[in-house]
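Chemist:
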Amino acid sequence: MAMLKSSLAFLVLALAFFFCYVMSSGSYDYFQFVQQWPPTNCRVRTKCSNPRPLQVFTIHGLWPSNYSNPTMPSNCNGSQFDARKVSPQLRNKLKRSWPDVESGNDTKFWEGEWNKHGTCSEQTLNQFQYFERSQDMWRSYNITEILKNASIVPSATQSWTYSDIVAPIKTATKRTPLLRCKYDKKTQLLHEVVFCYEYNALKQIDCNRTAGCKNPQAISFQ
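Residues -24 to -1, 1 to 198, numbered by mature numbering (1 follows the signal peptide of the UniProt record, and there is no 0), are exactly what the sequence shown covers, in order.
(1) I'd like the list of long-range same chain contacts for W114, defined as Cβ closer than 6 Å, with 5 residues on each side in sequence excluded.
(2) I need the straight-line Cα distance from A148 to A194, nearest angstrom please.
(3) Across which residues does DSSP place R109 in a beta bridge pair?
(4) With a CB to CB cut of under 8 Å and the five nearest residues on each side skipped, what residues in its chain are close to residue 216?
(5) If you reduce the DSSP assignment to three classes, tell me which class E168 lands in.
(6) So is A187 buried or exposed if we call it buried at 16+ other beta carbons inside 10 Å?
(7) Could you check the C-alpha separation between N42 and Y173 for me, to the nearest Å?
(8) Pairing CB atoms from the stretch 11 to 25 with CB atoms from the stretch 160 to 172, are three or more of them under 8 Å?
(9) Would I122 pass as a contact of P153 if the rule is Cβ separation under 8 Å?
(10) Can you check DSSP and say which residues form a bridge with T34?
(11) Under 8 Å between the Cβ atoms of S110 and L38?
(12) Using CA atoms only, rank isn't needed, just tell me which of S196, H93, Q8 is closest to K161.
(13) Taking the straight line between their C-alpha atoms, what separation do you get for D82 and D76?
(14) Which residues in the same chain as K71 place their Cβ atom closer than 7 Å to its Cβ, once the five residues preceding and following it in sequence are excluded?
(15) List the DSSP bridge partners of D160.
(16) Let me check understanding here. Comparing Cα to Cα, which of K84, N53, S79, T47 lies closest to V62?
(17) Expressed to the nearest angstrom, what Euclidean distance is found between the alpha-carbon atoms of F107 and A132?
(18) What are the partner residues of I119, as DSSP defines its beta bridges?
(19) Which whole-angstrom value is the C-beta distance of I119 and I128, which I expect to be below 8 Å?
(20) L70 lies in the alpha helix (DSSP H); which residues open and close that run?
(21) Just the C-alpha distance for L101 and P40, rounded to the nearest angstrom, thanks.
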């Protein structure tokens, strides 16, 4: 009996070490390309440096993810952010597509996203490729224009259902996105639109419906 308990304890310990290794070394299944609506971000998170937040969807990050736990992996063992690897040409593009809408420190924002998420897919995308691919994804589909063409524009009085917002995006991309919301008191605000990509971050795929906006409740887009 004592030997059995010892063997079980060893097995549990070995599995724990294996799980930690997998997470730190960057095992993932797919990518989440996350775009945020700056007015919501500034309204619920912190005071923004820009008194009039950008009225376009901007990049939050490109996150290698697992189907079993979409928040993992993160903070993997990899090369830390090197600002010199962001070329001047790419930097100018990212300042428009991937700005820090909270503090205005764009480079610091990029550094945080690379160190937390980019390091976990470095075997697929090096740092330059990671930001270049994100820029290409952002340019592929203009969410702000897609919604505008469907008469979904910022409004202090009108609200929409989850499917109202997903439908025009799905029509344009031929893939199902994921919506994430934030709450301001009792109001459910559209915060992020997520596109999903396969392992190599080349082909867009349908997103699985995970934690996000609550379906029956109206979504405000302000």
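Glycine included, each C-beta is placed from N, C-alpha and C at the ideal position. Being a predicted model, the structure only gives us computed values, none of them experimental.
Modeler: This is what the structure gives:
(1) Cβ within range, chain order: I35, S73.
(2) Rounded to whole angstroms, A148 to A194 spans 23 Å at the Cα level.
(3) Beta-bridge annotation (DSSP): R109 is not paired with any residue.
(4) Nothing about residue 216 can be reported from this structure: the residues present for the chain run from -24 to 198 only.
(5) In this structure, E168 counts as strand in the three-state DSSP scheme.
(6) That one is exposed.
(7) Looking at the backbone, the Cα of N42 and that of Y173 are separated by about 12 Å.
(8) Because the criterion of three Cβ pairs below 8 Å is met, the stretch 11 to 25 and the stretch 160 to 172 touch.
(9) Taking 8 Å as the Cβ cut-off, I122 and P153 do not qualify as a contacting pair.
(10) As computed with DSSP, T34 is found in a beta bridge with Q12.
(11) Contact: yes.
(12) When S196, H93, Q8 are compared, the shortest CA-CA separation from K161 is found for S196.
(13) Whole-angstrom Cα-Cα distance: 5 Å.
(14) Closer than 7 Å at the Cβ level, and outside the excluded window around K71, lie D82.
(15) D160 is bridged by DSSP to T163.
(16) If we check each option's Cα against that of V62, K84 comes out closest.
(17) Taking the straight line joining both Cα atoms gives about 34 Å.
(18) As computed with DSSP, I119 is found in no beta bridge at all.
(19) Actually they do not touch by this definition, with Cβ atoms about 10 Å apart.
(20) Boundaries of the alpha helix (DSSP H) around L70: 64 to 73.
(21) Distance between the alpha carbons of L101 and P40 is about 11 Å.
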